[in-house]
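> Supplied in structure tokens, the structure appears directly below.
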Amino acid sequence: MGEDRERNEGGQFEPEHTDEDVLEAVREHAPAGTQEVAGELGIARQSADYRLRRLLEEGRVSKKKVGNSLVWSADE
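Residue numbers for the sequence shown follow our numbering, beginning at 479 and rising by one.
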């Protein structure tokens, strides 16, 4: 499965989903849980968490703790 994916110049796999895909999943489910984003994109929860935290560092999403869960909102 992963063997067919493109690799960048550094040898890393190219993401199957763009940042805009991730943001759209957040917008559709806002406030969105990490698992909801993962399910929407068809990726592992850990992959969604990594992408969301990267977008958080870029100021493109914000997070809020609700009970024991984190929920995400798009800032754009």
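Positions of the beta carbon are idealized from the N, C-alpha and C atoms, including for glycine.
Who are the Cβ neighbours of E554 in its own chain at under 8 Å, not counting the five residues just before and after it?
Excluding positions up to five away in sequence, the list reads L501 and R538.
> May I ask which residues mark the beginning and end of the beta strand (DSSP E) holding A522?
That residue, A522, is in no beta strand (DSSP E); it is neither H nor E in DSSP.
> Check the DSSP bridge columns for A510 and list the partner residues they point to.
According to DSSP, which records beta bridges pairwise, A510 is partnered with W550.
> What is the DSSP secondary structure of R538, counted as helix, strand or coil?
In this structure, R538 counts as coil in the three-state DSSP scheme.
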